[in-house]
Amino acid sequence: MQQQDPNSRPATGYPYPYPYPNQQPPPASAANGYPYQNYHAPHPDPRALLIRRLFIALMVSILIFGLILFIFLIVVRPQLPTVYINSLSVSNFNVSNNQLTGNWDLRLRFENPNSKMSLYYDTVLCAVYYGDDSLSETRLQPFDQGTKDQTPINATLSVSGTYVERQLADSIGKARAEKGSVEFDLRMASVVTFRYGVYRRRRYVRVYCDDVAVGVPGNSSSGKMVGSDKRCNSY
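Counting in UniProt numbering, the sequence shown runs from 1 upward without gaps.
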């Protein structure tokens, strides 16, 4: 009987046969313990990408335009016009039986304080008030102003036999008796165009001239503005 060498080793070089010949070996990913995934990266939507790029370009354009406009306004510094009342006189002034009659003659001076921008005034609405009550109004014709220009404007406002409330008539009569003068308020409004080269900007401008005292004693029907030129407030 032949004895087996206890130190003998099995022959190498031949793969060990798969124990289940009718089955395929598991995929490498499963063998390594990781599930197999058939992953494909999604493709971006060309339309969405285009819209995103257009939006970014629009935002950049708006920021650049805003920066340019900001720098322009700092350099040019548009300023509102300055208005003065040079004189205000009243004639044929009478308040009786809740009726008001009078003529207001105005001499105004419009000044353009801008050294780089010209101004164009659309129709100027001018009204004279006593307190909160409008007594008369008129419209002034449009006009231009160059840089640093001054423009004198004359205007006449009239009212004849207009009904007023007794409280207003009593207040005017009391002021004439106690102070010998009546304080009127002047209001003006216009759409002003600021111009610099091709730049145009339209703005609604209001002018308030408050408490303009006119000497009209109780025994007189005419009077003139008390004091010198009066500067109005522009908004």
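Yeah, the Cβ is synthetic: ideal placement off N, Cα and C, and Gly gets one too.
Given the structure is predicted, the values throughout are model-derived calculations rather than measurements.
Give me the Cα-Cα distance between residue i and residue j, rounded to the nearest whole angstrom.
i, j, result
"SER61", "ASP105", "53 Å"
"GLN150", "LEU168", "36 Å"
"MET59", "ASP122", "35 Å"
"SER234", "ASN97", "36 Å"
"VAL216", "VAL90", "8 Å"
"LEU54", "PHE70", "24 Å"
"SER160", "GLN141", "23 Å"
"SER221", "ARG176", "11 Å"
"TYR129", "TYR204", "20 Å"
"PHE65", "LEU80", "24 Å"
Are there any heavy atoms of the ligand MG lying less than 7 Å away from the beta-carbon of residue i, as far as the coordinates show?
i, result
"LEU119", "In terms of ligand content, the structure shown is empty, and the ligand MG therefore cannot be addressed."
Kindly give me the distance between the Cβ atoms of residue i and residue j, rounded to whole angstroms, as I take these residues to be in contact under 8 Å.
i, j, result
"ASP229", "CYS209", "No, ASP229 and CYS209 are not in contact; Cβ-Cβ is about 11 Å, not under 8 Å."
"ARG139", "LEU125", "6 Å"
"GLU178", "VAL212", "With a Cβ gap of about 18 Å, GLU178 and VAL212 do not count as contacting."
"MET188", "VAL207", "4 Å"
"ILE153", "LEU100", "The pair is not a contact, with the Cβ atoms about 25 Å apart (cut-off 8 Å)."
"SER158", "SER134", "Between SER134 and SER158 the Cβ distance is about 13 Å, and since that is not below 8 Å, they are no contact."
Could you tell me the boundaries of the alpha helix (DSSP H) in which residue i lies?
i, result
"GLY102", "Counting along the chain, GLY102 falls outside any alpha helix (DSSP H), though it belongs to the beta strand (DSSP E) covering 99–111."
Tell me residue i's beta-bridge partners as DSSP assigns them.
i, result
"VAL182", "VAL214"
"PHE194", "LEU119, ARG201"
"PHE143", "TYR121"
"VAL226", "DSSP, once it has assigned bridges, lists no residue as partnering VAL226."
"ARG206", "ALA189"
If I follow the unbroken beta strand (DSSP E) through residue i, where does it start and stop?
i, result
"ASP133", "133–140"
"SER96", "82–96"
"VAL159", "150–163"
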